[in-house]
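Each residue of the sequence shown is one higher than the last, beginning at 7 in our numbering. Heads up: the structure comes next, in structure tokens.
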Amino acid sequence: GIGRLGYSQITTHSKKVLVDTKNNTANINLEFASGTKFFLGTIHFHQDMLNEDFILSYLQNIKTGDPLSQNTLLELQHALYSSGYFSLVDIKPDFEHVKNRDQVPVNITLKPAKRHKISFGIGYDTEIEANVSMRWQHRRLNRYGHYGDILTKLAPKKSTFRVSYWIPTGDPSRDKYGIITSVETEDTDTTDRTTFDLETGYWFAIKEWENTLFTEYRLEDFVTGNDPSTTTELLSFGARTQRVNYEQGLFPRSGWAVYGEIRGAAEQMFSDIDYLRLYLKSRLLLPVTRKGRLVLRAELGMAESNDYDSYPSSLRFYAGGDQSVRGYDWKALGPKDREGNVIGGRNVVTGSLEYDHQVAENWVVAGFYDAGNAYNDSLDTVYYGAGFGIRYISPIGLIKTDIGFPLKSDDDISDNNFVFYFGFEMNL
């Protein structure tokens with residue numbers, strides 16, 4: 007209404023509604039006094055925890071001189087709450103001290119959110135099996151809003167320890183610098199590795215796209231198949247981009263998501279080998295009837311290196327598993343050594359077609375058909391899998407259970423007649 011234009015003190019003198027039932031018409035008469043049009047004046051913060059210029063950086067879409075309305079005040083409150091630094095945001099316009107051009111000072115009282123947050127998790131994922139995790143977050147390391155977290159995740163096949171430090175910049179709700187260091191171990195039928203990473207980068211958003219420019223130091227000791235242990239040191243440079251654009255709800259029926267990454271290293275730039283790696287994946291949701299949806303998924307990866315024997319197993323491509331070709335174990339598909347051990351490939355191509363149908367308020371049944379493989383020079387062999395599943399729509403996301411059947415037999419891969427999958431639905 008008119009209040010959105012800055013008229014904050016409207017008074018109504020009379021209001022009438024005259025209904026003509028014969029002609030099916032109505033006349034509405036409303037008399038009111040708009041009063042003075044007010045504008046947003048100086049913002050005064052009442053707090054002692056953060057630098058005020060840093061707090062103002064969260065309010066870049068709100069300027070002194072904007073019409074003062076309830077919407078403006080709600081936008082102010084939402085921006086400050088969304089920062090995660092405050093447990094209370096109390097906003098009070100001060101109409102008693104209106105200054106030139108009818109600008110109203112605004113007093114904002116802020117109370118801090120808890121600095122520390124510790125969370126624990128326990129779960130089961132088909133790929134890494136049973137796992138436990140702990141995450142400690144420090145939400146406010148200094149007056150400039152720096153924050154950090156430590157994550158530990160332990161599982162029989164893959165474990166991670168990661169420390170992150172974040173520095174907000176520009177529009178801090180969208181832009182930040184980061185330093186991430188991690189140690190990751192993996193022990194599967196295809197590889198045994200320990201990877202140390204130190205990544206620095208700039209995370210920023212352009213419209214709805216989330217982007218990263220990064221530099222990464224990686225030291226990896228790995229064994230693939232029956233090859234001897236290899237240690238490779240890399241200083242990589244790269245970029246990532248991602249966008250998730252699904253309709254709202256726990257069971258979206260339309261939308262799409264895309265992720266892409268390019269990275270590389272050179273021997274002349276403090277690395278043991280040259281390499282260039284490109285990876286893309288996407289997901290498309292299409293509504294089918296009132297209760298159904300079609301889920302299309304695609305994956306494409308390519309890599310080149312002057313010394314593939316020293317190319318880290320964590321950067322090689324594999325197929326098989328819940329997010330790849332179902333019906334086969336995680337990382338069970340790809341180039342093999344002479345003994346038949348999967349050692350990972352330079353390229354990967356996979357695709358999936360799935361139909362989901364909601365049969366009850368919280369229950370969905372699914373059928374799927376997947377195809378693809380990881381390979382080196384040419385895609386000579388394509389593996390196919392099909393199956394069915396059940397999804398439960400929970401408050402924390404879509405919990406899925408699938409049974410996949412391999413449609414191409416290979417004695418070197420597995421003698422399983424089916425593979426069971428359990429976990430949460432991923433955005434990609």
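Note that CB positions come from ideal geometry on N, CA and C, so glycine has one too. Keep in mind the model is a prediction, meaning the values are calculated, not measured.
Is the Cβ-Cβ distance between residue i and residue j less than 7 Å?
i	j	result
L339	N379	yes
A119	S93	yes
I399	N368	yes
R141	L157	yes
E214	R249	yes
L116	Q76	no
R225	E239	Looking at the sequence shown, residue 225 is not Arg but Leu. Going by C-beta atoms, L225 is nearer than 7 Å to E239.
Y265	L434	yes
S319	G350	yes
S139	R168	no
T200	K163	no
V354	G307	yes
A85	L65	yes
G270	L282	yes
I186	S170	yes
R149	R121	no
K406	Q364	no
L241	F202	no
A377	G357	yes
How many whole angstroms separate the CB atoms of residue i and residue j, which I take to be in contact at a CB cut-off of 8 Å?
i	j	result
L46	V112	7 Å
Y390	L413	4 Å
I268	A245	6 Å
E345	N232	5 Å
T230	T197	5 Å
G151	F60	5 Å
I124	I49	Their Cβ separation, rounded to whole angstroms, is 34 Å, which puts I124 and I49 out of contact at 8 Å.
If I follow the unbroken beta strand (DSSP E) through residue i, where does it start and stop?
i	result
A161	Unbroken run through A161: none, as it is neither H nor E.
L434	It is not in any beta strand (DSSP E) - L434 carries neither H nor E in the DSSP assignment.
R249	236-252
K182	182-193
S93	92-99
On the DSSP letters alone, give me the boundaries of the alpha helix (DSSP H) that residue i sits inside.
i	result
H84	76-88
I61	58-62
What does residue i pair with, by DSSP beta-bridge criteria?
i	result
L292	L300
P73	F45
N423	Answer is none; N423 lacks a bridge partner.
D362	R299, A372
R259	Answer is none; R259 lacks a bridge partner.
M140	F126, T158
G393	F374, G410
Q109	F45, K105
A211	E216
P118	F92
N35	K22
G266	T247, L286
L65	L65 pairs with nothing; no bridge assigned.
W172	Y153, G184
N312	DSSP output for N312 lists no bridge partner at all.
G307	Y285, V354
Taking 6 Å as the limit between beta carbons, can you name the residues of its chain near residue i, skipping five residues before and five after?
i	result
Y375	L359, A392
S63	P178
N217	F210, T247
T221	T206, F243
L11	With a pLDDT of 43 at L11, under the threshold of 50, the modelled position of this residue cannot be trusted; read the value that follows with caution. Hits under 6 Å: P73.
F424	I409, F411
A136	Y130
L160	V138
R289	A263, R303, L434
L404	R397, E431
G327	E133, W336
P99	V110, V112
P174	G151, K182
G71	F45
Y223	L204, L241
Please list, in chain order, all residues of the same chain as residue i whose beta carbon is under 7 Å from its beta carbon, the five residues on each side excluded.
i	result
V23	A32, I34
Q83	V95, I97
R299	R259, L291, L292, P293, D362
E273	I279, D280
T387	N379
L385	V355, N379
L219	G207, Y208, A245
L147	Y153, G154
Could you name the residues of the same chain whose beta carbon sits closer than 8 Å to that of residue i, not counting the 5 residues immediately before and after it, in chain order?
i	result
T27	none
G7	With a pLDDT of 45 at G7, under the threshold of 50, the predicted position of this residue should be treated as unreliable, and no value is reported.
Y334	A325, G326, G327, Y389, G391, G410, P412, I419, S420, V425
S316	T236, T238, D278, I279
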